[in-house]
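Okay, structure first, notes after.
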Amino acid sequence: MNKAVKWMFIIAGSLVALIVIAVAVLPMVIDVEKYKPQIEQQVTKATGRTFKLGGDLKPSIFPWIGVRLSDLHLGNPSGFKEKDFVSVESFEVRVKLLPLLSRNIEVKRFVMNKPVIVLEKRKDGKGGWEDLGQPAGKSPGQAKEKPAPASTGELPIKGLLVGEFAITNGLIVWLDEAGGVRKEVKDIDLVMTDVSFDKPIGVAFSALADQKPVTLNGSIGPLGAQPGKIPVPLELAIRLLNELDVKLTGRIDPSATPTKFDLAVNVAEFSPRKIMDQLGRKLPLETADAKVLDAVAVSLKLKGTPENVVVSEGKLKLDDSQATFSVQASEFDKPNLKVDLTLDRIDLDRYLPPPAKDKAGADTSKKTPTDAAAQKTDYTPLRRLVMDARFKAGELKVKKASMQNLEVRVSARNGIIQMDPLKVDLYKGNIAGTGTVNVQKDKPATAMEVAINGIQAGQLIKDVMAKELIEGALAAEIGLNFTGDAPDLIRQTLSGKGDLRFNDGAIVGIDLASMVRNVQTAFGLAQTPSEKPRTDFAELQVPFSITNGLFKTDASRLVSPLIRVLAAGSADLAKETLDFRVEPKFVATIQGQGDTAQRSGIIVPVLVSGSFASPTFKPDLQSMLGQQLGQPLPDKETLKKMVPSKEETNKLLQDGVKGLLKGLGNQ
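Mapping the sequence shown onto the working numbering, position 43 (from 1) lands on 27, and the numbers just tick up by one.
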């Protein structure tokens, strides 16, 4: 019995020895080079591209089964300038033999050196990557082979362990023949460590994209015994241009249908200006302040599926401003959006383009292209849009106007965009309003309602227009509607009504009390005044209506201790013409605003006509003299002072009031 066992071990040992000798000797006695043409032929048949092994083919069998190839070339289709689609200087893979018997893969080495991929696009738009994998001899239109039966999803291996995985000195080239563009991503290095199913896989990637560095480091996994069946954790750090650092942590669940993700994204503070400088480009828009867009940081949580994305706990730093935000997006073909943004403060004037200058150095920022040059706007995207957006800002500055506690909600559905509510505090008062834009037709229809309460108009106009026109606390109720998006069409279709009321203020630049007595004194032209002419008032009310661009007011009035003024007339916003009659009247006493019984004096009405750009003014002589019938006529000298010559009147009135009306007309 002992001898039998002994002989069994001897026989088994001999067989093992023979196997070891065989696998060691076979590579030396078998000429594997003769198989290269067959390998090239099979790859060419499978890919539809020429394939060539230019270097040696060196196999190994025991204890690691593997192969080392060099000088590999996979060609481009005919008609392309670049000969190769993919080329590799050397490739080596070694897999341990015995673990394969138990469906475990142990890879000692997987190394690819100097792979080059050329993505060439011809002038006719065809890319060299198209039809890759189309077997030789078959056209894309031919029927495909019947697919194999679906697998159970279980991997044919139990375990995986890779000792060394590396891709070094890689190069990707993009060639666009039509655009004459060549881009390169070179010095591509990818190293993966601890490659297995039950451990996190380390990843280290680096490259130069157009000579700009890109790095990625971190870990992915573990993948689990059955990859794709459990959520996969990941922790990655990306660095771009030595300026932008992005951290990505969380997990992706490929087992869900559709795939789910739950990630945290953190973008460290960076300078968009420095990034654009490194790229050799300018910012898309020039800003009035060259120091903005120099400090930006973002953090957020990203959760959902490719069809439904939720952004929560969003934080944004933009220079001196801080914001929190959340976003929910779905139905991306529309899309369907829900947005909530809260901002502490921002000065938008710093981010707006600076005033444009024409060749003579004049400010042309207010010039707009003619409607004939305006292109038709396609509102199809807005008709599909579904949105519910809320925006709040603690402090806001735009066009030099300072605002506080801004709150606005914008919703969109079926081509109707609504703004409700709009609330903002400014200049010791507030504005509340609503608005609707209907883009269901080619020409949008807009309607708005605005209520203004207690705004100090003088400081607002001074900040926004750099002018002194009127002072006082403004209250108003305005309702307007118009059609179109071009200025000319808006002016032609503008309709609505409103009521403007100014309390305890003044009209700056005109002294109406003096205007009745002496035109030269009225506009401060007789002698240099110590202060600007002004007409103080207790109340100025302007009720108005607009019909298809024709502004009308029938009972505008100004009330002050010494004078009452009534105004009526119209202004054609489309033709930019004026037709008003202003009728002032002295109050004989100053016993109070309600003392209507003792108002008296000579009325000198003023007719305002002409255009917005060149208004003309003249006294209504016929009306003035009609009031004097039955009373002694003034003497010659008094009449001269009251009624200057026509030329003098036009000149003085026009110079004195032109700036006022022109300034208002431009707003």
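Each residue gets a CB set at the ideal place from its N, CA and C atoms; glycine is no exception.
Bridge partners - residue i, DSSP secondary structure assignment
{"i": "P527", "result": "D483"}
{"i": "T289", "result": "N292"}
{"i": "G413", "result": "L410"}
{"i": "M371", "result": "L321, A396"}
{"i": "D173", "result": "S190"}
{"i": "S71", "result": "H57, V100"}
{"i": "F596", "result": "In DSSP, F596 forms no bridge with anything."}
{"i": "N437", "result": "N414"}
{"i": "D520", "result": "A490"}
{"i": "M449", "result": "Per DSSP, none; premise fails for M449."}
{"i": "V280", "result": "F254, L302"}
{"i": "W158", "result": "L103, K167"}
{"i": "G463", "result": "E433, K481"}
{"i": "I185", "result": "I204"}
Exposed unless 16 or more other CB atoms sit within 10 angstroms - verdict on residue i
{"i": "E455", "result": "buried"}
{"i": "K383", "result": "exposed"}
{"i": "R265", "result": "exposed"}
{"i": "D488", "result": "exposed"}
{"i": "S71", "result": "buried"}
{"i": "K105", "result": "buried"}
{"i": "R166", "result": "exposed"}
{"i": "D538", "result": "exposed"}
{"i": "L263", "result": "exposed"}
{"i": "Q212", "result": "Note that residue 212 corresponds to Gly in the displayed sequence, not to Gln. Result: exposed."}
{"i": "D362", "result": "exposed"}
{"i": "K67", "result": "exposed"}
{"i": "G578", "result": "Low confidence applies here, because G578 scores a pLDDT of 47, under 50, leaving its location unreliable and the question unanswered by this model."}
{"i": "A551", "result": "buried"}
{"i": "L390", "result": "buried"}
{"i": "N437", "result": "exposed"}
{"i": "A396", "result": "buried"}
{"i": "N60", "result": "buried"}
{"i": "V448", "result": "exposed"}
Selected residue, minimal CA-CA separation from residue i, among the options
{"i": "S544", "options": "A522, K481, D333, K170", "result": "A522"}
{"i": "F316", "options": "I547, Q388, R368", "result": "R368"}
{"i": "A252", "options": "S310, L232, L406", "result": "L232"}
{"i": "V146", "options": "T152, V179, V169, L174", "result": "V179"}
{"i": "M176", "options": "A279, V91, P603, T364", "result": "V91"}
{"i": "T199", "options": "G208, V169, T418", "result": "V169"}
{"i": "F375", "options": "D404, P365, T364", "result": "D404"}
{"i": "S305", "options": "V295, V293, V280, G438", "result": "V280"}
{"i": "N532", "options": "L524, Q25, K516, A558", "result": "A558"}
{"i": "Y411", "options": "M432, R33, K381", "result": "K381"}
{"i": "V216", "options": "L192, F309, P184", "result": "P184"}
{"i": "T289", "options": "D171, V392, K301, L247", "result": "L247"}
{"i": "I491", "options": "G442, V370, I474", "result": "G442"}
{"i": "P256", "options": "N226, T477, V249, S529", "result": "N226"}
{"i": "V187", "options": "L524, G205, D55", "result": "G205"}
{"i": "R475", "options": "L327, P99, D556", "result": "D556"}
{"i": "K107", "options": "G164, D55, E567, V157", "result": "G164"}
Which of helix, strand or coil DSSP assigns to residue i
{"i": "K559", "result": "coil"}
{"i": "P471", "result": "helix"}
{"i": "K98", "result": "strand"}
{"i": "G493", "result": "coil"}
{"i": "Q424", "result": "coil"}
{"i": "Q476", "result": "helix"}
{"i": "G345", "result": "Because G345 carries a pLDDT of 49, less than 50, the predicted location of this residue cannot be relied on, and the following value inherits that uncertainty. G345: coil per DSSP, three-state reduction."}
{"i": "D273", "result": "coil"}
{"i": "R93", "result": "strand"}
{"i": "T537", "result": "strand"}
{"i": "G147", "result": "coil"}
{"i": "P238", "result": "coil"}
{"i": "P217", "result": "strand"}
{"i": "K231", "result": "strand"}
{"i": "G212", "result": "coil"}
{"i": "D246", "result": "strand"}
Whole-angstrom C-beta distance between residue j and residue i, which should lie under 8 angstroms
{"i": "S203", "j": "E219", "result": "5 angstroms"}
{"i": "L484", "j": "A460", "result": "5 angstroms"}
{"i": "A272", "j": "I330", "result": "About 14 angstroms; that fails the 8 angstroms criterion."}
{"i": "F94", "j": "E148", "result": "7 angstroms"}
{"i": "D303", "j": "V282", "result": "The Cβ separation is near 13 angstroms, so there is no contact."}
{"i": "A191", "j": "D171", "result": "6 angstroms"}
{"i": "L284", "j": "V249", "result": "5 angstroms"}
{"i": "G482", "j": "G463", "result": "7 angstroms"}
{"i": "A435", "j": "G419", "result": "That pair is no contact at about 13 angstroms."}
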